[in-house]
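Residue numbers (the working numbering): 1 to 191.
Beta carbons: idealized from backbone N, C-alpha and C, even for Gly.
Nothing here was measured: the structure is a model prediction, and the numbers come from that model.
Only one structure is covered here, and it is reproduced in the block below.
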């Protein structure tokens, strides 16, 4: 239990020539408050009666009250529905708001069989083509605390084009050589 009374330098203890404070924290008739300050000691730091005691939790407010540390916790009211996620900023108690939950990225390398044509109408039937497809997480929103600075996350499903030389059939019966690009290493990249 912490001491209830913190002696001020102008009122030394009785053994050092001062008067002893008498009574309780609720009865100031026998002890002058300016001479005997009610205080709290938290982690070795003294706080006067009514003084705010800092906390690491931004939703917790503490105060020294008649020698006791009393705290009240604020519970933010704006809860997001199941299909939304809460936007939280560090050292802020109340979340700024809610945003849609982004689906998990599905970007990857896909394969299809196509007939491809060059600019002269030459073609290759049933060719296996690889490409990048799928979704990536992207959004843009305004921070209500600073509406001039939107928060943006933009990602595009992209990959590395890899050249491949192929033979295509032309209408006049000849074969032509063309460079075709398949995509590899598909992933969500910042755009």
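- Rounded to whole angstroms, residue 111 and residue 163 show a C-alpha spacing of 16 Å.
- Between the alpha carbons of residue 177 and residue 160 lies a distance of about 22 Å.
- According to the DSSP assignment, residue 124 belongs to the beta strand (DSSP E) that extends over 123–133.
- Each of 88, 83 and 44 was checked against the Cα of residue 103, and the nearest Cα belongs to 83.
- Straight-line spacing of the CA atoms in residue 127 and residue 120 works out to 18 Å.
- Between the alpha carbons of residue 43 and residue 73 lies a distance of about 20 Å.
- Residue 51 and residue 98 have their C-alpha atoms spaced approximately 35 Å apart.
- Residue 186 is classed as buried because its beta carbon has at least 16 other beta carbons within 10 Å across all chains shown.
- Approximately 6 Å separates the beta-carbon atoms of residue 92 and residue 58; this is inside 8 Å, confirming the contact.
- Looking at the DSSP output, residue 176 shares a beta bridge with 168.
- Residue 174 and residue 117 have their C-alpha atoms roughly 14 Å apart.
- One alpha carbon belongs to residue 156, the other to residue 184, and they sit about 15 Å apart.
- If you draw a straight line from the Cα of residue 180 to the Cα of residue 169, it is about 14 Å long.
- In this structure, the straight-line span from the alpha carbon of residue 134 to that of residue 65 is close to 59 Å.
- The beta carbon of residue 131 is closer than 6 Å to those of 110 and 183 in its chain, skipping five residues each way along the sequence.
- For residue 152, the CB contacts under 7 Å within the same chain, skipping 5 residues up- and downstream, are 140 in chain order.
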